[in-house]
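Q: Take this structure, written in structure tokens, and hold onto it; I'll ask about it next.
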Amino acid sequence: MGSNGRSTNGKSQPLYATRIDLSSELRTKVIAILNHSLASTLDLKTQVKQAHWNVKGLQFYQLHQLFDEMASELEEYVDMVAERVTALGGLAVGTARTAASQSILPEYPFDILDGKDHVIALAERYAAYGKLVRESIDATDDLGDADTADLYTEISRDIDKRLWFLEAHLQTSVEEGVAAAVSEVAEPKAKKTAKRAK
Ligand SMILES: [Fe+2]
């Protein structure tokens with residue numbers, strides 16, 4: 016949806032009158048951002064459910080439960096995002112067809128079974144969705160809607176946490192870059208500055 020109040024499929028969407036102290040121009044732009052991310056949030060929720068139902072292997076039960084928790088969280092975000100649209104006087108566009116056509120995520124693979132493959136598939140999608148949410152924080156903040164930016168910030172924190180949960184299943188060795196960063200933290204900054212001055 017562009018800034019002219021029209022969706023990307025060319026159909027105009029209503030903007031309802033409200034007493035809220037945000038201009039219709041700002042609301043139209045923020046609603047477009049919200050509806051865009053609503054599609055991906057819905058898509059991600061269904062993909063996490065797909066993993067919840069189909070995961071197999073020795074870690075079946077814990078992953079089955081973890082994925083269910085994650086899907087429930089995403090359901091809450093769907094509601095938060097959609098209801099922010101309506102609070103701004105917009106039309107929340109949250110059908111399965113819209114989600115499928117406007118999501119930024121690729122389709123979930125149907126040919127994977129093992130827990131690790133599902134964790135990798137979800138980690139890739141959480142990373143992409145997390146990037147979209149972070150971009151949405153900046154975009155809505157730049158427009159001057161601190162409340163929507165705050166809503167996205169809340170989602171962003173939880174998505175980063177879930178990405179950590181997923182990646183913790185995969186992180187079995189320390190990467191070189193990470194090791195270097197850890198040693199940098201271990202070495203006091205003052206000591207390094209003193210060294211440089213010599
Ligand atoms: Fe279930």
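Under my numbering, the residues of the sequence shown are numbered 16 to 213, in order. All C-beta atoms in this analysis are idealised placements derived from N, C-alpha and C, irrespective of residue type, glycine included.
According to the Cβ coordinates, are L166 and V45 closer than 8 Å?
A: Working through the sequence shown from its first residue, we reach residue 166 at position 151. Working through the sequence shown from its first residue, we reach residue 45 at position 30. The answer is no: Cβ separation not under 8 Å.
Q: Identify the continuous alpha helix (DSSP H) that holds I46 and give its terminal residues.
A: Counting from one through the sequence shown, the residue named residue 46 turns up at place 31. It spans 39 to 69 - the alpha helix (DSSP H) in which I46 sits, taken as one unbroken run.
Q: Apart from the five residues just before and just after S55, which ones in its own chain have a Cβ nearer than 7 Å to its Cβ?
A: One-based indexing of the sequence shown puts residue 55 at position 40. S118, I119, L120, Y144, L147, listed in sequence order.
Q: What's the gap between the Cα of T101 and the Cα of L185?
A: Looking up residue 101 in the sequence shown gives position 86. Looking up residue 185 in the sequence shown gives position 170. About 39 Å.
Q: Given G17, which residues of its chain have a CB within under 6 Å of its CB, disregarding the five upstream and five downstream residues?
A: What you label residue 17 is simply residue 2 of the sequence shown in a count that begins at 1. At G17, the pLDDT of 39 sits below 50, so the modelled position is not reliable; the number obtained from the coordinates is stated separately. Around G17, the same chain offers no residue with a beta carbon nearer than 6 Å, after the five sequence neighbours per side are excluded.
Q: Can you check whether the CB of L37 is closer than 8 Å to the CB of A97?
A: Residue 97 sits at position 82 when you count from the first residue of the sequence shown. Residue 37 sits at position 22 when you count from the first residue of the sequence shown. No, the Cβ-Cβ distance between A97 and L37 is not below 8 Å.
Q: Only counting the same chain, and skipping five residues up and downstream in sequence, which positions put a Cβ closer than 6 Å to that of Y123?
A: Walking along the sequence shown from the start, residue 123 turns up at place 108. Cβ neighbours of Y123 within its own chain (closer than 6 Å, five residues either side excluded): Q62, Q65.
Q: Mind checking whether R177 and G104 have CB atoms under 8 Å apart?
A: As a working mapping, residue 177 is identified with position 162 in the sequence shown. As a working mapping, residue 104 is identified with position 89 in the sequence shown. Not a contact, by the Cβ cut-off of 8 Å.
Q: Would the C-beta of D83 count as close to ligand 1, meaning under 7 Å from any of its heavy atoms?
A: Position 68 of the sequence shown, counted from the start, is the residue given in the question as residue 83. For ligand 1, at least one heavy atom lies less than 7 Å from the Cβ of D83.
Q: Got a sec? Which residues, its chain only, sit under 7 Å from Y141 by beta carbon, not counting five neighbours each side?
A: For the purposes of this step, residue 141 is taken as residue 126 along the sequence shown, with counting starting at 1. Excluding sequence neighbours, Y141 sits near I174, R177, L178, L181.
Q: Using 8 Å as the limit for Cβ to Cβ distance, is W179 near chain D?
A: This model lacks chain D altogether, as it is built from one protein chain only.
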